[in-house]
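Numbering (the numbering used here), first residue to last: 1 to 274. Ideal placement from N, C-alpha and C gives every residue a C-beta, glycine not left out. Report on the structure given below.
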Amino acid sequence: MIKLMYITNHPDYAVAAVRAGVDRVFVDLEYIGKEQRQGGMDTVKSHHTVHDVRAVRRVVHSPAELLVRVNPLYEGSAAEIDAVIEAGADIVMLPMWTSADEVREFVSLVGGRARTMPLLETAQAANALQDVLALEGVDELYVGLNDLHLSKKQPFIFCPLADGTVDALASAMHSAGKPFGFGGIAAMDTGLLPGAYVLGEHVRLGSDAVILSRSFCRNDIALDEFSRIMQEQIAALRKREELLQKSMTAELAADNHRRVCECVDRIVAEKERA
1 MIKLMYITNH PDYAVAAVRA GVDRVFVDLE YIGKEQRQGG MDTVKSHHTV HDVRAVRRVV
61 HSPAELLVRV NPLYEGSAAE IDAVIEAGAD IVMLPMWTSA DEVREFVSLV GGRARTMPLL
121 ETAQAANALQ DVLALEGVDE LYVGLNDLHL SKKQPFIFCP LADGTVDALA SAMHSAGKPF
181 GFGGIAAMDT GLLPGAYVLG EHVRLGSDAV ILSRSFCRND IALDEFSRIM QEQIAALRKR
241 EELLQKSMTA ELAADNHRRV CECVDRIVAE KERA
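Quick look at the structure:
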């Protein structure tokens, strides 16, 4: 099954998410450069801390995992990475890298104490992927469609999924035997690009992980309501995933991708007319 990841620094909501079927709780320390890249956009800009990592670690236990995104490499990276590993991170994610040398340095700083997940989210990173895949110590990768589409100067987050970019990246990662995931996913029947279409692309491309988007289930609602919605939405996702895994053929995969491309083209056209 595809690993489901949910971003929160609130221990109670982390517990509820895991009980509903989330595989990885995602604590997000990244702030350096994010406002400049995404200022004015309706995107999640977290302000999580190492204290949050410790608090979530106390309540998230195996088989659920704790994923922590640190900042892009900077003068404080060694101390920050040491701190999140000491606080209990199972997986450390590095954002906004652009070269294999940066990933090599990141892997060295982690030093085998946690699993590593470089987050590919720039055109430069895509160009460096083959060199990154040749490195030792890279455990899995994730493709961040939000910053990737900005890097490519595209008008919609899922343009890299429609234009063949994610297909090419997925092919390279499959060839190297590396697990990978990409993007975010809304509930099955919601989203500008419906969650059901996005899930079909994850199955078509052999993805291993996906982030449940803010619209999948907000965590600024009452805890009992959050728990109910999360359970219902994840159950619907898993039911559809099981059906797709059993029935996916080359023809159905191509048909799903065609629908995605048509939907993305329509959304881009609407944005250009606005």
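Sheet register partners of residue i (DSSP bridge)
i	result
methionine 93	Arg69, Met117
phenylalanine 26	Ile7, Leu67
Cβ pair residue i, residue j closer than 8 Å
i	j	result
glutamate 241	leucine 199	yes
alanine 16	leucine 237	no
arginine 69	leucine 29	yes
glutamine 233	phenylalanine 216	yes
isoleucine 91	arginine 113	no
leucine 67	methionine 93	yes
leucine 145	valine 260	no
valine 281	valine 84	Here the chain comprises residues numbered 1 to 274, so residue 281 is not present and cannot be evaluated.
histidine 48	valine 27	yes
isoleucine 185	valine 210	yes
leucine 276	arginine 104	For the chain, the structure presents residues 1 to 274; residue 276 sits outside this window and is missing.
Buried or exposed (CB count within 10 angstroms, at least 16 for buried), residue i
i	result
glycine 177	exposed
alanine 274	exposed
tyrosine 31	exposed
aspartate 12	exposed
glycine 183	buried
aspartate 189	exposed
glycine 40	Residue placement at glycine 40 is poorly supported in this model, since its pLDDT is 49, which falls under 50; the coordinates still yield a value, given next. Classification for glycine 40: exposed.
leucine 4	buried
proline 95	buried
leucine 218	Going by the sequence as given, residue 218 is arginine instead of leucine. By the neighbour-count rule (16 or more Cβ atoms within 10 Å), arginine 218 is not buried but exposed.
glycine 195	buried
serine 175	exposed
aspartate 42	Legend: pLDDT at aspartate 42 = 48, less than 50; position of this residue unreliable, value from coordinates given subsequently. Flag for aspartate 42 reads exposed.
Start and end residues, beta strand (DSSP E) containing residue i
i	result
leucine 6	For the record, residue 6 in the displayed sequence is tyrosine; it is not leucine. Note, tyrosine 6: beta strand (DSSP E), 3 to 7.
aspartate 189	Premise fails: aspartate 189 is in no beta strand (DSSP E) and is neither H nor E.
tyrosine 31	Run containing tyrosine 31: none; DSSP gives neither H nor E here.
tyrosine 142	141 to 143
alanine 209	209 to 212
Beta-carbon separation (whole angstroms), residue i vs residue j, contact threshold 8 Å
i	j	result
phenylalanine 180	aspartate 208	6 Å
isoleucine 2	histidine 257	Not really, about 17 Å apart at Cβ, beyond 8 Å.
valine 60	valine 107	Rounded, the Cβ-Cβ distance is 24 Å, inconsistent with contact.
serine 151	leucine 109	Between leucine 109 and serine 151 the Cβ distance is about 24 Å, and since that is not below 8 Å, they are no contact.
valine 132	valine 166	16 Å between Cβ atoms; not a contact.
alanine 89	valine 53	6 Å
First through last residue of the alpha helix (DSSP H) which encompasses residue i
i	result
phenylalanine 180	Segment 180 to 185 is the beta strand (DSSP E) holding phenylalanine 180; no alpha helix (DSSP H) there.
phenylalanine 156	Segment: none, phenylalanine 156 is in no alpha helix (DSSP H) and carries neither H nor E.
glutamate 226	The identity of residue 226 in the sequence shown is phenylalanine, whereas the question assumes glutamate. Taken as a continuous stretch (DSSP letters only), the alpha helix (DSSP H) holding phenylalanine 226 covers 223 to 247.
glycine 195	195 to 205
serine 108	100 to 110
histidine 174	165 to 175
valine 132	129 to 133
asparagine 256	250 to 273
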